[in-house]
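Participant:
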Amino acid sequence: MFNLIRGTKDILPQDQKYWDYFKDNAFKLADIYGFERIDTPTFEMTDLFLRGIGIGTDIVNKETYTFLDRGENNITLRPEGTASVCRAYIQNGMHNDAQPKKLYYFTSIFRYERPQSGRLREHHQFGIETIGNNDPELDGEIINFAWTLLKKIGLKQINLKINTIGNKNDRNHYIKSLSKYYLESKWSSSECKDCEQRIKINPLRILDCKNNDCQNFIASAPAMVDYASKSTLEHFEKVKSYLDLSEIPYTIDSKLVRGLDYYTNTVFEITSDQNKSQNALVGGGRYDGLIEQLGGSSTPGSGFGMGVERVINEIISSKIEIPSKNREKILFTSINKKSFEQTIKFKLLARNNNIKSELSTINRSLKSTMRYANNKDFSHIVIVGDNDEKNLNYISIKNLSTGKQSNVNEKKLSHFLNKIQ
RNA sequence: GCGGGUAUGGUAUAGAGGUUAUUACACUCGGUUGUGGUCCGGGGAAGCAGGGUUCGAUUCCCUGUACUCGCCCCA
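When we follow numbering that gives the first Met the number 0, the leftmost residue of the first sequence carries the number 0, and every step to the right adds one.
(1) Output the distance between the C-alpha atoms of residue 103 and residue 285, rounded to the nearest integer angstrom.
(2) What does DSSP give as the partner residue(s) for residue 305 in the beta ladder?
(3) What are the partner residues of residue 418, as DSSP defines its beta bridges?
(4) Between the segment 25-44 and the segment 78-94, do at least 3 Cβ pairs fall closer than 8 Å?
(5) Quick one: give me the first and last residue of the beta strand (DSSP E) that residue 424 is part of.
(6) State yes or no: is the C-beta of residue 365 within less than 8 Å of the C-beta of residue 346?
(7) Answer yes or no: do residue 265 and residue 279 have a C-beta to C-beta separation smaller than 8 Å?
(8) Considering only their Cβ atoms, is the gap separating residue 120 from residue 58 smaller than 8 Å?
(9) Which whole-angstrom value is the C-beta distance of residue 368 and residue 342, which I expect to be below 8 Å?
(10) Tell me where the beta strand (DSSP E) around residue 84 begins and ends.
(11) Quick test of the definition: if touching needs 3 or more C-beta pairs under 8 Å, does the segment 120-139 touch the segment 317-332?
(12) Quick check: the Cα distance between residue 35 and residue 173, rounded to an integer number of angstroms?
(13) By Cβ distance below 6 Å, which residues in the same chain neighbour residue 153 in space, the five residues on each side in sequence not counted?
(14) Would you call the segment 295-302 in contact with the segment 87-98, where contact means no fewer than 3 C-beta pairs closer than 8 Å?
(15) Would residue 417 and residue 374 be called neighbours here (beta carbons separated by less than 8 Å)?
(16) Identify whether residue 246 lies in helix, strand or coil by the three-state DSSP scheme.
(17) Can you give me the Cβ contacts of residue 350 inside the same chain, cut-off strictly under 8 Å, excluding the 5 residues immediately before and after it?
(18) Since residue 28 contacts residue 147 with CB under 8 Å, what's their CB separation in whole angstroms?
(19) Tell me, please, which residues DSSP counts as bridged to residue 379.
(20) Mark residue 124 as exposed unless 16 or more other C-beta atoms lie within 10 angstroms of its C-beta, in which case mark it buried.
(21) Taking just the CA atoms, how far does residue 89 sit from residue 165?
(22) As an exercise, report each continuous alpha helix (DSSP H) stretch of at least 4 residues that is fully enclosed by the segment 316-370, in chain order.
(23) Using a Cβ-Cβ cut-off of 6 Å (strictly less than) and excluding sequence neighbours within five positions of residue 98, which residues of its own chain qualify?
(24) Give me the Cα-Cα distance between residue 258 and residue 135, rounded to the nearest whole angstrom.
(25) Check the DSSP bridge columns for residue 93 and list the partner residues they point to.
(26) Determine the DSSP secondary structure at residue 141, reduced to helix, strand or coil.
(27) Can you give the Cα-Cα distance for residue 112 and residue 324, rounded to whole angstroms?
(28) Give a yes or no on whether the C-beta atoms belonging to residue 381 and residue 361 are separated by under 8 Å.
(29) Return the residue from the list 10, 263, 292 that minimises the CA-CA distance to residue 54.
(30) Using 8 Å for Cβ pairs, my map puts residue 236 next to residue 255. What's the rounded Cβ distance?
(31) Roughly how far, in whole angstroms, is the beta-carbon of residue 424 from the beta-carbon of residue 159, given that I think they are within contact range, below 8 Å?
(32) Specify, as a first and last residue, the run of the beta strand (DSSP E) that residue 67 falls within.
(33) Would you list the one or two residues that DSSP bridges to residue 76?
(34) Could you check where the alpha helix (DSSP H) with residue 183 kicks off and where it finishes?
(35) Can you tell which of 72, 47, 52, 73 has its C-alpha closest to the C-alpha of residue 87?
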C-alpha cells in the first residue's frame, strides 16, 4: 500500500467543481483586467530563489525542496511565484513590450512545512504581477483585483490590511533605529528566542511577533511612518485613495511585514474571519528592487499570490453554491447479445454528436442498469431491444427525470441524438 | 523545529482483556420472463507497524509511523 506524501492532497472528482469554479472566475477576471497567462517551470536554479526571496527568510532557510539533480545542478522546487515570473520577464526581454507587463499564473507551490489545517507542502497559488511601472495606481489595481475576485467568488467575511514598508533607504534608517530601540530597552533580556534571531537577521520581522512580551515592546517601538521619505508617503496616499475610489474597505496595519525580502513600499494581506489561524488568503505588494536583484535592469513591479486551497476551504465552509453545469447524459443498454453490437454503434453515434454517453455492461440485469443510471445521474436511458424487424420501433428512449418513455426506430433515434446535443 | 489529540471494512462509527468484532452509508447481486430513485433479502469488505505485560491483546503499556490540531512562519 502506498500513501500520499505528507502534506500533499489528491483533488478527487467530487472536489473538482470547486477548482473549476475558482479557475473560471480567476481567469475570466484576469482577462477582463488585461492580464495574460504565463506558466513557468516547476523548478529553477536554487540561486534564483536565494537572491529573490532573501537569504534571511524562513522560506529559503528551512522550507525549500532543494536537491542536486543527476547533472549536479542545484535545483529548488518553486516556493513562491514571483521570482520565476521575473526571471522569465528578464530572460524573454519583456521590457521591450508595452509596459507595464501584466501577467498571471496558476501553479503549484512547494514548501517543506509542518502540515496543518490550511497548510500543505504542495499547495496552489493564483497570482498576478504588473512589471515595469511604479505607479501607485498599479498597487491599487492589484489589490482591487484580489478583492474583487474574492467577492465575485462569494466570500463575505474578508479583511484587507495594508501598510508601507518604504523604499530601501527608508527601511535602512528605520531598521537601524528599531534595532537600537530593542537593544537599548529592557526587551534585550526578554525570553523570546525567535526575536533574538530576528534582530540579527531580519529585524523587521520582530514587529510580527505574537509573543505577549514582545507585543508590549512593539507597541512603543518607533513606527515606520516616521522614517518614511516624502515620496514613500505620497505613494502610500495614492494607493489609499485608489482604494477609496474603488470603495474597498481597508485597515492600515503598521505592523504588517511580509516574509519575503523583496517587498518595497506597499504591502498588503487579505485575511478571512472564518478561520483563526492560517487565515491569510492573499499576500502581496510592491517589489521595485527585485528585477535588478535578479540581474535585470532596474524595473519596478507589484503583485500578489492567492492561496487556492484556502480560498476553496472558505467556499466550502461558507457554503457558497457552485453553479452546476449539468448536461444531458445518455446511458445505452441492450436487452440481449444480438442487439448489443447495434447498441455500440448508437453509442458511438452519440459521441460523434458530442453527447456524454456510456454503454452499460451487458452482463447485468436491466434492473441493475437502471439503478446504475440513476446513481450516476444520467438524463436518459436508451434501451435497444430485439432488432429482427429493422423498421419497427424496437428502441426505447426513457427520460429519467420525468419517467416518460417512447418507442422509436433507428431514424427517430438519430433524430433524437441530433436534437438533444 | 516545538507541543497536544487520534489511529477499527471504501466512508463514518460501536464495543469488550477470551465474541463468528457492532451499526449505518456506499458498493454489488437479487426480489419471476425487458424498467430506476422508496421498500425487502443476499454478498464482498476492517482493528497502522514493531516490541512489552498476559495463559490469552484489536482492547493495557512503550516505541515508531501516519493523520490531525496548535505554535513558528506563510497562501
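Glycine residues also receive a C-beta, built at the ideal position from the N, C-alpha and C atoms.
Facilitator: Based on what the coordinates show:
(1) Within the first sequence, the letter at position 104 stands for residue 103. Within the first sequence, the letter at position 286 stands for residue 285. So the alpha carbons of these two residues sit roughly 15 Å apart.
(2) As a working mapping, residue 305 is identified with position 306 in the first sequence. DSSP output for residue 305 lists 125, 281 as bridge partner(s).
(3) Along the first sequence, read from residue 1 onward, the residue named residue 418 stands at position 419. Bridge partners of residue 418: none, in fact.
(4) yes
(5) Outside the displayed range of the chain (0 to 420) lies residue 424, so it cannot be described from this structure.
(6) As a first step, residue 365 must be located in the first sequence, where it is residue number 366. As a first step, residue 346 must be located in the first sequence, where it is residue number 347. No, the pair does not count as a contact, with Cβ atoms beyond the cut-off.
(7) For this step, residue 265 is matched to residue 266 along the first sequence. For this step, residue 279 is matched to residue 280 along the first sequence. Not in contact: residue 265 and residue 279 (Cβ atoms no closer than 8 Å).
(8) Working through the first sequence from its first residue, we reach residue 58 at position 59. Working through the first sequence from its first residue, we reach residue 120 at position 121. No; because the gap between Cβ atoms is not below 8 Å, this pair is not in contact.
(9) Numbered from 1 along the first sequence, position 369 holds the residue referred to as residue 368. Numbered from 1 along the first sequence, position 343 holds the residue referred to as residue 342. Not quite, the Cβ-Cβ distance comes to about 12 Å (not below 8 Å), so this is no contact.
(10) Along the first sequence, one-based indexing puts residue 84 at 85. Counting along the chain, residue 84 falls outside any beta strand (DSSP E), though it belongs to the alpha helix (DSSP H) covering 81-90.
(11) no
(12) For the purposes of this step, residue 35 is taken as residue 36 along the first sequence, with counting starting at 1. For the purposes of this step, residue 173 is taken as residue 174 along the first sequence, with counting starting at 1. C-alpha separation (whole angstroms): 37 Å.
(13) Position 154 of the first sequence, counting from 1, holds the residue named residue 153. Once the five neighbours on either side are set aside, the close Cβ partners of residue 153 are 319.
(14) yes
(15) As a first step, residue 417 must be located in the first sequence, where it is residue number 418. As a first step, residue 374 must be located in the first sequence, where it is residue number 375. The answer is no: Cβ separation not under 8 Å.
(16) Here residue 246 is taken as the residue at index 247 of the first sequence, counted from 1. Looking at residue 246 - three-state DSSP - the assignment turns out to be coil, as it is neither helix nor strand.
(17) As a first step, residue 350 must be located in the first sequence, where it is residue number 351. Within the same chain, residue 350 has close Cβ partners 356.
(18) Against the first sequence, residue 28 aligns to sequence position 29. Against the first sequence, residue 147 aligns to sequence position 148. Correct: roughly 7 Å between the Cβ atoms.
(19) To locate residue 379, count along the first sequence from 1; it is residue 380. Paired residues: 329, 398.
(20) The sequence position of residue 124 within the first sequence is 125, counting from 1. Classification for residue 124: buried.
(21) On the first sequence, residue 165 is found 166 positions in, with the first residue counted as 1. On the first sequence, residue 89 is found 90 positions in, with the first residue counted as 1. About 25 Å.
(22) 336-351
(23) The residue labelled residue 98 in the question sits at position 99 within the first sequence. Excluding positions up to five away in sequence, the list reads 131, 132.
(24) Along the first sequence, one-based indexing puts residue 258 at 259. Along the first sequence, one-based indexing puts residue 135 at 136. If you take the alpha carbons of residue 258 and residue 135, they lie about 22 Å apart.
(25) Taking the first sequence and counting its residues from 1, one reaches residue 93 at position 94. BP columns for residue 93 are empty, so no partner.
(26) As a first step, residue 141 must be located in the first sequence, where it is residue number 142. Looking at residue 141 - three-state DSSP - the assignment turns out to be helix.
(27) Taking the first sequence and counting its residues from 1, the one referred to as residue 112 is at position 113. Taking the first sequence and counting its residues from 1, the one referred to as residue 324 is at position 325. Rounded to whole angstroms, residue 112 to residue 324 spans 37 Å at the Cα level.
(28) Along the first sequence, read from residue 1 onward, the residue named residue 381 stands at position 382. Along the first sequence, read from residue 1 onward, the residue named residue 361 stands at position 362. Against a cut-off of 8 Å, the Cβ pair of residue 361 and residue 381 comes out as no contact.
(29) Position 55 of the first sequence, counted from the start, is the residue given in the question as residue 54. When each option's Cα is compared against that of residue 54, the closest is 292.
(30) Mapped onto the first sequence, residue 236 falls at position 237. Mapped onto the first sequence, residue 255 falls at position 256. Contact flag wrong, Cβ pair sits at about 17 Å.
(31) Here the chain covers residues 0 to 420 and nothing more, so residue 424 does not appear.
(32) Taking the first sequence and counting its residues from 1, the one referred to as residue 67 is at position 68. Where residue 67 is concerned, the enclosing beta strand (DSSP E) stretches over 65-67.
(33) Your numbering for residue 76 matches position 77 in the first sequence. Residue 76 is bridged to 42.
(34) As a working mapping, residue 183 is identified with position 184 in the first sequence. Where residue 183 is concerned, the enclosing alpha helix (DSSP H) stretches over 167-183.
(35) Within the first sequence, residue 87 is the residue found at index 88, counting from 1. Here the closest residue by C-alpha is 47.
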